[in-house]
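Comments concern the structure below.
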Amino acid sequence: MTTKMFTKILIANRGEIACRVMSTAKKMGIKTVAVYSEADQEARHVQLADEAVCIGPAPSRESYLVIDRIIQACKDTGAQAVHPGYGFLSENEQFARRCEEEGIVFIGPKYQSIAAMGDKIASKKLAIEAKVNTIPGHNEAIASSDEAVKIAQGIGYPVMIKASAGGGGKGLRVAFNDKETAEGFAACKTEAMSSFGDDRIFIEKFVEGPRHIEIQVLGDSHGNVVYLNERDCSIQRRHQKVIEEAPSPFIDPTTRKAMGKQAVALAKVVNYQSAGTVEFVVGKDKSFYFLEMNTRLQVEHPVTESITGLDLVEQMIRVAAGEKLAFKQEDVKLDGWSMECRINADDPFRNFLPSTGRLVKYRPPESVNGVRVDTGVYEGGEIPMYYDSMIAKLIVHGKDRSEAIEKMRSALNDFVIRGIHSNIPFQAALLQHPRFVSGDFTTGFIAEEYPEGFKKDSVQPSDPKRLAALAAFMRYRYLEHIKMIDGQLAGHEMIIAKKFVVVTGKKSGSMNDPVEVPIRVELKDGIYSVYIDEPDGVSRYDIVSHWRPGQICLHATMNGIHKVTAQVERRGVRHLLTLDGAHFECMVLSPLGAELQRRMPVKLPPDTSKLVMSPMPGLLTKIAVKVGDAVTAGQKLASIEAMKMENTISALQDGVVSEICAREGDSLAVDQLIIRFE
């Protein structure tokens, strides 16, 4: 066991977590080695490292998951230790064992601990031995769908079907009847084999109305284990965490202590030496049950760092170097409130389909005043199709939950991403939702509140007139900019009119059912006063802003007290404003222009009912039909792989295939034609 600090470590990962580990290593004076695939040659983590080694082609199974190449990279560069980050090989028992056999320190738990906790069936048995609360269920691998149905009937619906080696929402289904159990068992088995190479499946009782709350633990090689409070990760979409916070708005000190003691007991049973997380499902009566233990650093670890003041990556490195924990349980503090939003490259308005391509604009909010951004990308860089969709984590810290929410809202409004789609509008909408603000939510929150998916009109602005006033202000500033152009004839200089008409839709986010809002703008002493005429009087908005045409973020003070940050975009004659997750689309016209606009014919969208187009960029892995086939609504037509997820395209209506317009193996762009029907 070494007690000497490392001088060089290799990070066996990519993206934001590789950059995050490098940040701490640099602070500790440790040199870093990056590994990268051919697709990541220009990636940010490669640029930040002291050395970088290419380990293979783009697909992770040919690069980031190849143990021999990572071990060889350690030997070639003289790296004494490996930090695996999360994902990839971070919970791979064989990798941890190989590192130990090759004399390379694995910055994480011992391989025996990974093996014990990595198998969900074995870990549940250990939890029972450690007197940790567990969910009723069948803890042996299930052989067939018929057996799965019988077991589910015995436990009582609803049940959770889970892959023993699962994680990240893969190999996981909830079933409410026999049919869903049979189908879910088959789907989980296939998905588990594809993702983890292990198709063992088990079933347990599904706790209705649950919260997902996890306890961060930290152990050293001297027998010391502490817990670092809890994180509430209940805001999830399809079992993928969306927003995490610490502490939980639901947990009281007594429950926190009970959960913490059980988490520590479990960690001690497996001689746990590193940072790890024990996940629990918590019922509405604060009863809690063990779910699993993640034997690695969690994506959401920064919220724990924010409330405890500890650097978890540093603690992992120090423990791996043989050091004792420098603090005891009573020294662990809980300071304020922290939240994290996962910023993903997916399109919330297209059912969160992956979005890949070049980051034309990428400007995260400034990391000051309790705001932190962990990222692995940069403006001008590429988001490849081969890896998961996370591009950044936005973390805030406030004195209480209300302040944390306000900071997160402001930071999301200020986070600029262009060239690809991101889930920022969805995150901003969640931060506005009354149930989230009150803390009254479960893991079913998103499914319950957005049963038809998330659309541009899913969130309506609290004050649409405020956005109309900002749009009129933008138009006035455009006209001021035009007025400055040289070459105007003397006596014929441009005069900016004061009266405008804002044409928008009855529902924000849409231009359907247009309504006209008469507006007057006056400028005096640097204040743009916007007057909106209404049947019951006049609304006035005094706007002070240094915004100029072309700037994406409009920072303004309204009526002397309200500070607003809206993202703005001009598309031809239209203005698009986004504020707090609400989209406001409009045209700002002169009174005559508005009259002419009323007379314009409505442009109907093209008929695409007989076309099957790719809803996302990705790899066409399968075409399930051929020319002449008669298909029925719901039938599988094709499969597209993007960001480690396989997406199935099904027929929306009955029809006969007349043409196949793409081939298996093609890289598709968004809206690229795949199949044409007669």
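Residue 8 is where the sequence shown starts when you use the numbering used here, and the numbers rise one by one after that. Each residue gets a CB set at the ideal place from its N, CA and C atoms; glycine is no exception. All figures in this text were calculated on a predicted structure; none of them were measured in a lab.
query: Residue 121 in three-state terms, based on DSSP; result: helix
query: Three-way DSSP call (helix, strand, coil) for residue 747 in this model; result: No statement about residue 747 is possible, as the shown extent of the chain runs from 8 to 685 and does not include it.
query: Under the three-state DSSP convention, the category residue 8 falls into; result: Any reading at residue 8 needs caution, since the residue's pLDDT is 48, under 50, leaving its predicted position unreliable; the model's value is listed next. The answer is coil: DSSP assigns residue 8 none of H, G, I, E or B.
query: DSSP bridge partner residues for residue 29 (one or two, in chain order); result: Looking at the DSSP assignment, residue 29 forms no beta bridge with any residue, so it has no partner.
query: Whole-Å CB distance - residue 125 paired with residue 19, under 8 Å assumed; result: Residue 125 to residue 19, Cβ: 17 Å. No contact.
query: Span separating the alpha-carbon of residue 87 from that of residue 312; result: 26 Å
query: Proximity below 9 Å, CB of residue 572 to CB of residue 674; result: no
query: Close Cβ partners of residue 60 (< 6 Å) along its chain, the five nearest in sequence each way excluded; result: 42 and 80
query: Complete beta strand (DSSP E) runs within the stretch 277 to 324 (minimum length 3 residues, chain order); result: 282 to 289 and 295 to 301
query: Buried or exposed (CB count within 10 angstroms, at least 16 for buried), residue 21; result: buried
query: Where residue 168 sits in the DSSP three-state scheme; result: strand
query: Nearest candidate by alpha-carbon position, reference residue 400, set 347, 84 and 433; result: 347
query: Pairwise C-alpha distance: residue 625 and residue 505; result: 49 Å
query: Cβ-heavy atom distance, residue 519 to the ligand MN, below 8 Å; result: The ligand content of the structure shown is nil, which means the ligand MN is not present either.
query: For residue 225 and residue 699, believed in contact at Cβ under 8 Å, the rounded distance; result: Because the chain is modelled from 8 through 685, residue 699 falls outside the range shown and cannot be assessed.
query: Sheet register partners of residue 654 (DSSP bridge); result: 647
query: Segment contact flag, the stretch 191 to 206 with the stretch 235 to 244, C-beta cutoff 8 Å, min 3 pairs; result: no
query: Proximal residues to residue 629 (C-beta, below 7 Å), its chain only, five neighbours per side dropped; result: 645, 646 and 671
query: Beta carbon of residue 134 nearer than 9 Å to that of residue 319; result: no
query: Extent of the continuous alpha helix (DSSP H) to which residue 472 belongs; result: 471 to 490
query: Beta-carbon proximity list for residue 46, same chain, < 7 Å, skipping 5 on both sides; result: 65, 391 and 393
query: Cut-off 8 Å between Cβ atoms - residues of its own chain near residue 360, not counting five sequence neighbours on either side; result: 353, 354, 622, 623, 649 and 654
query: Assigned secondary structure, residue 194 (DSSP; H/G/I helix, E/B strand, else coil); result: helix
query: Close beta carbons around residue 132, own chain, < 7 Å, minus the five adjacent residues each side; result: 146
query: Cα-Cα separation, residue 677 to residue 428; result: 12 Å
query: Same chain only: Cβ atoms within 6 Å of residue 461, ignoring 5 sequence neighbours per side; result: 355 and 433
query: Unbroken alpha helix (DSSP H) run spanning residue 55, endpoints; result: 51 to 55
query: Residue 208, DSSP secondary structure in three states; result: strand
query: DSSP-derived helix/strand/coil call for residue 631; result: coil
query: Member of 299, 178 and 575 whose CA lies at the smallest distance from the CA of residue 123; result: 299
query: For residue 243, three-class secondary structure by DSSP; result: strand
query: Residue 496: first and last residue of the uninterrupted beta strand (DSSP E) it sits in; result: Element bounds for residue 496: n/a, residue is neither H nor E.
query: For residue 129, the residue or residues it bridges with in DSSP; result: Answer is none; residue 129 lacks a bridge partner.
query: Option in 685, 604, 635 and 513 with minimal Cα separation from residue 615; result: 685
query: Buried versus exposed call for residue 385 [16 or more other C-beta atoms within 10 Å across all chains shown]; result: exposed
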